[in-house]
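Asks: Chains as they are written, first to last, in the numbering used here: chain A, 537 to 651; chain G, 181 to 292.
Submitted below is the structure of interest, expressed as structure tokens.
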Amino acid sequence: NAGVTQTPKFRVLKTGQSMTLLCAQDMNHEYMYWYRQDPGMGLRLIHYSVGEGTTAKGEVPDGYNVSRLKKQNFLLGLESAAPSQTSVYFCASLMVQGYHTDTQYFGPGTRLTVL
Amino acid sequence: EDKVVQSPLSLVVHEGDTVTLNCSYEVTNFRSLLWYKQEKKAPTFLFMLTSSGIEKKSGRLSSILDKKELFSILNITATQTGDSAIYLCAVEAVQGAQKLVFGQGTRLTINP
Numbered sequence: 537n538a539g540v541t542q543t544p545k546f547r548v549l550k551t552g553q554s555m556t557l558l559c560a561q562d563m564n565h566e567y568m569y570w571y572r573q574d575p576g577m578g579l580r581l582i583h584y585s586v587g588e589g590t591t592a593k594g595e596v597p598d599g600y601n602v603s604r605l606k607k608q609n610f611l612l613g614l615e616s617a618a619p620s621q622t623s624v625y626f627c628a629s630l631m632v633q634g635y636h637t638d639t640q641y642f643g644p645g646t647r648l649t650v651l
Numbered sequence: 181e182d183k184v185v186q187s188p189l190s191l192v193v194h195e196g197d198t199v200t201l202n203c204s205y206e207v208t209n210f211r212s213l214l215w216y217k218q219e220k221k222a223p224t225f226l227f228m229l230t231s232s233g234i235e236k237k238s239g240r241l242s243s244i245l246d247k248k249e250l251f252s253i254l255n256i257t258a259t260q261t262g263d264s265a266i267y268l269c270a271v272e273a274v275q276g277a278q279k280l281v282f283g284q285g286t287r288l289t290i291n292p
């Protein structure tokens with residue numbers, strides 16, 4: 537199993553450009569998450585999904601959109617990138633069985649710089 | 181608003197020292213507290229704590245939760261340079277989607 541993978545690993549954008557980050561997991565997990573990590577601020581939840589075709593807003597959703605058309609993929613879109621979106625983006629997935637929850641499994645991250 | 185605060189934010193010690201990292205929280209409908217270690221890339225899971233007073237142990241690392249005082253500590257004994265990392269504390273609230281609220285992290289540096 538590859539676990540959770542993210543593409544691309546690095547990207548530099550100019551202000552106003554758009555891009556999509558792809559997260560893929562091969563563990564058949566129901567839940568998927570997108571976080572951003574900025575220096576001194578830990579991880580903050582952007583959007584999440586509890587199943588194929590469903591998405592919901594997290595703590596810092598403004599400026600981002602997401603889609604979960606297939607269970608294994610969770611896409612994060614930036615329609616018009618801003619310098620404030622310079623960050624490291626992590627995707628995570630989770631298997632849930634009833635009340636029991638496992639830990640979230642994280643991808644390797646995407647470092648995005650917006651000039 | 182749910183909040184997780186870690187202290188110290190940064191810590192530098194010598195190899196062989198013992199360190200204690202702190203995590204306090206204010207969360208509605210607490211479900212669990214998790215510790216992660218983050219080196220260069222993705223956070224990797226260390227512990228999940230759900231019950232007060234029960235120590236979880238893995239080698240030189242151990243952690244305990246106090247649900248009355250709303251905090252957890254992570255201890256690392258006989259530290260090694262490979263323990264250098266950011267340690268993240270996260271709390272899960274019962275909201276149906278295991279949404280985690282993370283603290284700022286503690287950057288631990290172990291000098292030889």
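A virtual CB, placed ideally from N, CA and C, is assigned to each residue, including glycine.
Nothing here was measured: the structure is a model prediction, and the numbers come from that model.
T646 (chain A) bridges to which residues according to DSSP?
Replies: Answer is A:Y625.
Asks: Check this for me: beta carbons of L229 (chain G) and S238 (chain G), under 9 Å apart or not?
Replies: Contact flag unset, no.
Asks: Give the secondary structure of S620 (chain A) by DSSP, where H, G and I count as helix, E and B as strand, and everything else as coil.
Replies: S620 (chain A) falls in the helix class under three-state DSSP.
Asks: Determine the contact status of F225 (chain G) and T639 (chain A), defining contact as a CB-CB distance below 9 Å.
Replies: Contact flag set, yes.
Asks: For Q186 (chain G), decide whether its Cβ has a neighbour in chain A, counting only Cβ atoms nearer than 9 Å.
Replies: True, the Cβ-Cβ gap to chain A drops below 9 Å.
Asks: Just to make sure I have the definition right: I need the residues of chain A whose C-beta is within less than 7 Å of the C-beta of F225 (chain G). Which are they?
Replies: Within 7 Å Cβ-Cβ: T639.
Asks: By how many angstroms is the C-alpha of L630 (chain A) removed from the C-alpha of D562 (chain A)?
Replies: For D562 (chain A) and L630 (chain A), the distance between alpha carbons rounds to 11 Å.
Asks: Please work out which residues of its chain come closer than 6 Å, Cβ to Cβ, to P619 (chain A), disregarding the five sequence neighbours upstream and downstream, and give them in chain order.
Replies: So the qualifying residues of the chain are V650.
Asks: Could you tell me which chain G residues have their CB closer than 8 Å to the CB of P544 (chain A), listed as they occur along the chain?
Replies: Per Cβ cutoff of 8 Å: no residues; P544 (chain A) is ~14 Å from chain G at best.
Asks: Indicate, with yes or no, if the ligand ATP has a heavy atom lying under 8 Å from the CB of S264 (chain G).
Replies: Absence of the ligand ATP from the depicted structure is noted, as is the absence of any ligand whatsoever, leaving it without description.
Asks: Going residue by residue through the region 574-617 of chain A, where are the continuous beta strand (DSSP E) segments of at least 3 residues, counting only ones entirely within it?
Replies: DSSP runs (the beta strand (DSSP E)) wholly in the region 574-617 of chain A: 579-587, 590-593, 601-603 and 609-614.
Asks: Whose C-beta lies closer than 6 Å to the C-beta of V624 (chain A) among residues of the same chain, with five residues either side of it excluded?
Replies: So the list reads Q573, G645 and R647, once near-sequence residues are dropped.
Asks: Going by the CB atoms, is the gap between Y216 (chain G) and V271 (chain G) shorter than 9 Å?
Replies: Not closer than 9 Å, so no.
Asks: Would DSSP call T541 (chain A) helix, strand or coil?
Replies: If DSSP states are grouped into helix, strand and coil, T541 (chain A) belongs with the strands.
Asks: Keeping to the same chain, check which residues put their C-beta closer than 6 Å to that of L201 (chain G); ignore five residues upstream and five downstream.
Replies: L254, Y267 and T286.
Asks: For L214 (chain G), which option in G:E249, G:T289, G:A273 and G:L288 has the closest C-alpha, if you only look at C-alpha atoms?
Replies: L214 (chain G) has its Cα closest to that of G:A273, out of G:E249, G:T289, G:A273 and G:L288.
Asks: What does V632 (chain A) reach in chain G if we use C-beta pairs closer than 8 Å?
Replies: Within chain G, the residues near V632 (chain A) are Q278.
Asks: To the nearest angstrom, how far is the alpha carbon of S187 (chain G) from that of C203 (chain G)?
Replies: For S187 (chain G) and C203 (chain G), the distance between alpha carbons rounds to 7 Å.
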